[in-house]
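The sequence shown begins at 37 in this note's numbering and counts up one residue at a time. Every residue gets a Cβ at the ideal spot worked out from N, C-alpha and C, and that includes glycine. Some notes on the structure that comes next.
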Amino acid sequence: MTDSDAELFKDMDPFFNPKRIALVGASADYRKLGNSILMNLLASEIDVFPITHSRDYVLGAKAYPNLASIPNPVDLVIIAVGAKYCASLMSEVKKAGAKNAIIISGGFSETGLDGVKLENDLVKAAKESGIRIIGPNCVGVSNSRLFNGTFTMMPERGNIAFVSQSGALGGMT
Numbered sequence: 037m038t039d040s041d042a043e044l045f046k047d048m049d050p051f052f053n054p055k056r057i058a059l060v061g062a063s064a065d066y067r068k069l070g071n072s073i074l075m076n077l078l079a080s081e082i083d084v085f086p087i088t089h090s091r092d093y094v095l096g097a098k099a100y101p102n103l104a105s106i107p108n109p110v111d112l113v114i115i116a117v118g119a120k121y122c123a124s125l126m127s128e129v130k131k132a133g134a135k136n137a138i139i140i141s142g143g144f145s146e147t148g149l150d151g152v153k154l155e156n157d158l159v160k161a162a163k164e165s166g167i168r169i170i171g172p173n174c175v176g177v178s179n180s181r182l183f184n185g186t187f188t189m190m191p192e193r194g195n196i197a198f199v200s201q202s203g204a205l206g207g208m209t
């Protein structure tokens, strides 16, 4: 392994081994992805910071109106809000201390030309802010020994890693 490989793996570590996660789009509404993701995150031992404008508490966890209001830096931000808001969140992710974001939100290039523009804007904003992203329009990331940052059930623990470009396949494993 070269020094640059080691640096890359170190930079990727917060995606898979975070200690503090903010969830933008946390919701008390069981029909929304932000609810499923938050329930999964709260089942872990990781510090979780729900971000929502609509409540002071979500599923029993203290909520914050924005990333800037979290008292300490976070390692990872998971985003589950409308596609049109994602690009503008990249500078807030950086200010919150995170260098990594998972964008669950759909509505990007998979939807047509308007979505392509939104995705290009997101990629540009992420690059300008120095934020590494997984997504958009993804199931999320889980580490069976640590946390489930998806809206699906946690896979059983084992000795196999699974990476999928397909949410249909990734969500079924």
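Where residue i falls, given that 16 or more other Cβ within 10 Å makes a residue buried
i	result
Asp-47	exposed
Tyr-66	exposed
Leu-149	exposed
Lys-9	Residue numbering for the chain in the displayed model covers 37 to 209; residue 9 lies beyond these limits and cannot be assessed.
Val-199	exposed
Lys-153	exposed
Ile-36	The structure shown does not extend to residue 36, since the chain spans only 37 to 209, so no value can be given for it.
Pick from the options that is closest to residue i, judged by C-alpha positions
i	options	result
Lys-135	Ile-87, Ser-105 and Ala-162	Ala-162
Pro-213	Leu-182, Gly-194, Ser-145 and Ser-165	In the structure as shown, the chain starts at 37 and stops at 209, and residue 213 therefore has no counterpart that could be examined.
Pro-4	Ala-132, Gly-96, Glu-192 and Asp-92	In the structure as shown, the chain begins at 37 and stops at 209. Residue 4 is therefore absent and cannot be evaluated.
Ile-114	Lys-98, Ala-104, Gly-61 and Gly-194	Gly-61
Leu-103	Arg-168, Asn-179, Leu-69 and Glu-128	Glu-128
Gly-142	Gly-118, Leu-125, Ser-165 and Met-126	Gly-118
Lys-68	Ala-116, Ile-87 and Asn-195	Ala-116
Bounding residues of the alpha helix (DSSP H) (the contiguous stretch that carries residue i)
i	result
Ser-127	119-131
Ala-162	149-165
Proximal residues to residue i (C-beta, below 6 Å), its chain only, five neighbours per side dropped
i	result
Ser-72	Phe-187
Gly-176	Ile-138, Ile-140, Gly-185 and Thr-186
Own chain, CB closer than 8 Å to residue i, minus 5 neighbours either side, in chain order
i	result
Ile-82	Pro-54, Lys-55, Arg-56, Ile-57, Leu-182 and Phe-183
Leu-112	Pro-50, Phe-51, Pro-54, Arg-56, Ile-57, Ala-58, Ala-134, Asn-136, Ala-137, Ile-138 and Gly-185
Boundaries of the beta strand (DSSP E) in which residue i is found, first to last residue
i	result
Phe-183	183-186
Asn-179	176-179
Contacting residues, own chain, Cβ-Cβ under 7 Å from residue i (five flanking each side not counted)
i	result
Ala-64	Asn-71, Arg-91, Val-94 and Leu-95
If you scan the segment 58-115 from start to end, which runs of the beta strand (DSSP E) of 3 or more residues do you find wholly inside it?
-> 83-87 and 112-115
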